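Below you'll find the structure, written out as structure tokens, and then a few comments.
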Amino acid sequence: MLDAAIIGAVLASVVAAATTLLLASLGELVAERAGTLNLGVEGMMIVGAAVGYATAYGSGSLLLGTVAAVLAGMALSLVFAGLAIWLATNQVASGLATTILGLGLAGLIGAGFVGTQLDGAPQLHIAGLTELPVVGKALFGQDAFVYVSFLLLAAVAYTLARTRIGLVLRAVGENHAAAHALGHPVRGIRTLAVMFGGACAGLAGAHLSLAYTPFWASDMTAGRGWIALALVVFSAWRPLWLLAGAYLFGAVSILQLHVQGFGLGIPSQFLSALPYLATIIALVVISALKHGRGAPASLGVPFVPDR
Amino acid sequence: MRKILSMAVAIASGLGLAGAGLPAAQAAEKLKAAWVYVGPVGDFGWSYQHDQGRKAVEKALGDKVETTFVENVAEGPDAERVIEQLARAGNKLIFTTSFGFMEPTLKVAKRHPNVMFEHATGFKRAKNVSTYNAKFHEGRYIIGQIAAKMSKTGTIGYIASFPIPEVIAGINAMMLGAQSVNPDMKIKIVWVNSWFDPAKESDAAKALIDQGADVIAQHTDSPAAMQAAEGRDVVAFGQSSDMIKFGPDSQLTAIVDDWSPYYIERTQAVLDGTWTSSDVWGGIKDGEVVMAPYTNMPDDVKKMAETTQAAIVAGTLHPFKGPISKQDGTLVVKEGEALADKDILSMNWYVKGIDDKVPGQ
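Chains as they are written, first to last, in the numbering used here: chain A, 95 to 401; chain B, 3 to 363.
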């Protein structure tokens, strides 16, 4: 019952499913490494999806739509940044407010587009490679979002670990008082990190509304922003583990659909819970083995300069 | 999350109604009616169709009514609070439009004997609680027949939401329709455990197609599966709304919910003071279940579908007519009889020929 064609199709679906999560969680990882916990991911994603769709529909350009989605995610992240970073409000409350605002705004923006659809983002086709058995479609037959997600992942991993900017960002997240004493603009850096998070969430939203299911429907993110947040925690704030977590979650959520299709009689309720279970267990085991570095020490703590 | 959101909406709509700035006498004449939706009105599926019905009420009854709605209300305790707030805000007629709102509706109804409630798809009533539903299984029998004619692989792919009687009855009706054309039809069922998650519905459709299903049916609310079918050149059936725009070359027909006639009639009854608790289960004949135009199929298949539809309307064909056997072979309905409504509404078993288990059993 398993042949190369099905395995190839499953792999291709897994990559697509994981990409949304990877994009959204990557941005949040950067924000959190700088010390800000932004629970507004779901809100920024859905606004990205709505604005991206509206722009692409109006202009006929998917690229323009994607850019608009990124900007919209950033704009909403600035609301959060203004509250949580510059007014030093509670980050959890501000993040929740951002999500609620985003869901409402997106519904409003998208209201006129219900029942319409677009031609989704084109998929790569390289003669000879895309037709490769099993891995061809998964590796060489995806849309641009997938390849961008890998570029972003590499850029984030490299920047955090190997560059001065990354070092400063981590310093701000670990000990904002010390970073401030060294003369680093803590709030400015955090704002930029949060904006990067907003941009990534907006991009993830665009992936949903322009490539994955190219239409607009309210609440189409269906909680993926929250999963992205959880992935960041379980990855112990490390980009490569985040990649593993996103792909594991994507893999199990696609595989469980196939298992059901084969009619093996495993309760579907259990299978639906499986992606969450598998991801939590795997990432907990990984971080336990690595007797983990915990959260950035200043995560969630508002910074107020002494004068 | 949705809790806070829906609460905010409920409060806001309450305030909006209270502060409408109308003279008291005139305001009192207006009937306030409210709708509670399980999904977003922008889902282009179940909740969208209910909201179309609400708009039809506004259009038909004009300034005699004032309508409001709360979307995205989670089934369970959360719903009770939302319904309670709507009752307190002065709504005299409240439609709760999802199966999971049954207990909350009854609880709130007990506390507000002067408010009329209408609960969709449930089976528990009270003096001020009516139930209403539509016989979607009539449409599903027809699409089963079409599927059996159109499928080359002999396999239907079915995207299901939750294992509740209505969904199970839908699967059975489709299978019975299919078997009436081809006794060897197979069905693959994938439960997504959600009414609305476009990406997941799309994944489910693709998984089914990858596994050899070449006709896709769904009992979830977004057009994602139709879009996925169109992308893979496979035929499919729309759900709740006419989804032809999402599958111009794929949609065979769609089982469209039209709540407008019922909503207008019931609201008018409250205005006239003739409203009483009732249980209405309308089908194709009553205009509650509408089959979207039969497209993308040969003329003989179209003709067969129209004939079946006419027979259902005329009452000469019942989708659950005997003989019907359960999976283990037990005969449930004898030849010449049909399954009683109450047995359809509490169905928790698959008919013979479905090679799978009802989840959780």
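Ideal Cβ placement from N, Cα and C applies to all residues, glycine included.
The structure presented is a predicted model; accordingly, all values stated were derived computationally and were not measured.
Query                                                                                                                                                                                  : Result
Determine, using beta carbons only, whether residue 193 of chain B comes closer than 8 Å to chain A.                                                                                   : yes
Which one of A/217, A/272, A/129, A/184 has the shortest CA to CA distance from residue 400 of chain A?                                                                                : A/272
Between the region 54-84 of chain B and chain A, which residues of the former have a C-beta closer than 7 Å to a C-beta of the latter?                                                 : 74
Would a check of beta-carbon distances place residue 338 of chain A closer than 8 Å to chain B?                                                                                        : no
Got a sec, what are the start and stop residues for the beta strand (DSSP E) residue 94 of chain B sits in?                                                                            : Segment: none, residue 94 of chain B is in no beta strand (DSSP E) and carries neither H nor E.
Just to make sure I have the definition right: I need the residues of chain B whose C-beta is within less than 9 Å of the C-beta of residue 348 of chain A. Which are they?            : 205, 208, 209
On a CA-only basis, which of B/215, B/161, B/252 is nearest residue 206 of chain B? Give me that one, please.                                                                          : B/161
Residue 350 of chain B to residue 193 of chain B, Cα distance in whole Å?                                                                                                              : 15 Å
What are the boundary residues of the beta strand (DSSP E) that includes residue 118 of chain B?                                                                                       : 118-122
For residue 142 of chain B, count the other beta carbons within 10 Å of its own beta carbon; 16 or more makes it buried, fewer makes it exposed. Which is it?                          : buried
In chain A, what lies closer than 7 Å to residue 361 of chain B by C-beta?                                                                                                             : 361, 362, 363
Does DSSP classify residue 352 of chain B as helix, strand or coil?                                                                                                                    : coil
Determine the burial state of residue 348 of chain B: buried for a count of at least 16 other Cβ atoms within 10 Å of its Cβ, exposed for fewer.                                       : exposed
Using only CA atoms, which one of A/97, A/194, A/104 lies nearest to residue 139 of chain A?                                                                                           : A/194
Identify the continuous beta strand (DSSP E) that holds residue 237 of chain B and give its terminal residues.                                                                         : 237-242
Whole angstroms is fine: what's the gap from residue 41 of chain B's alpha carbon to residue 166 of chain B's?                                                                         : 17 Å
Apart from the five residues just before and just after residue 323 of chain B, which ones in its own chain have a Cβ nearer than 6 Å to its Cβ?                                       : 340
At a cut-off of 7 Å, would you count residue 295 of chain B as near the ligand FAD, judging by its Cβ distance to the nearest heavy atom?                                              : Ligands displayed in this structure: none; no statement on the ligand FAD is therefore possible.
Mind the definition here: the region 213-221 of chain B touches the region 236-255 of chain B only if three or more C-beta pairs lie below 8 Å; say whether that holds.                : yes
Name, please, each residue of chain A whose Cβ falls closer than 8 Å to the Cβ of residue 213 of chain B.                                                                              : 100, 352, 355, 356
Chain D partners of residue 302 of chain A, CB-CB under 9 Å?                                                                                                                           : The structure shown contains no chain D; its protein chains are A and B.
For residue 103 of chain A, count neighbouring Cβ atoms within 10 angstroms of its own Cβ and tell me buried if that reaches 16, exposed if not.                                       : buried
Any C-beta of chain B sitting closer than 8 Å to the C-beta of residue 211 of chain A?                                                                                                 : yes
Taking only beta-carbon positions, decide if residue 255 of chain B is within less than 8 Å of chain A.                                                                                : no
Can you give me the Cβ contacts of residue 158 of chain A inside the same chain, cut-off strictly under 6 Å, excluding the 5 residues immediately before and after it?                 : 149
On the CB-based measure, 16 or more other CB atoms within 10 Å of its CB, does residue 262 of chain B come out buried or exposed?                                                      : buried
By Cβ distance, which residues of its chain are closer than 8 Å to residue 186 of chain A, with the 5 residues on each side in sequence left out?                                      : 131, 133, 394
Pick helix, strand or coil for residue 170 of chain B, following the three-state DSSP scheme.                                                                                          : helix
For residue 159 of chain B, collect the residues of the same chain with a Cβ closer than 6 Å to its Cβ; drop the 5 residues on either side in sequence, then sort them by chain order. : 190, 210, 215, 218
What does residue 147 of chain B reach in chain A if we use C-beta pairs closer than 7 Å?                                                                                              : By Cβ distance, chain A contributes nothing, its closest Cβ being about 23 Å from residue 147 of chain B, past 7 Å.
Run through chain A and tell me which residues come within less than 8 Å of residue 247 of chain B, C-beta to C-beta.                                                                  : 209, 210, 211
Starting from the N-terminal side, write out each stretch of the beta strand (DSSP E) that is 3 residues or longer and does not extend beyond the region 23-67 of chain B.             : 33-38
Do you know whose CA, among B/116, B/361, B/356, B/140, lies nearest residue 365 of chain A's CA?                                                                                      : B/361
Please confirm whether residue 342 of chain A and residue 114 of chain A have their CB atoms less than 8 Å apart.                                                                      : no
Just verifying my parser: in three-state terms, what is the DSSP assignment at residue 424 of chain A?                                                                                 : Absent from the model: residue 424 of chain A. The displayed extent of chain A is 95 to 401, so no value can be given.
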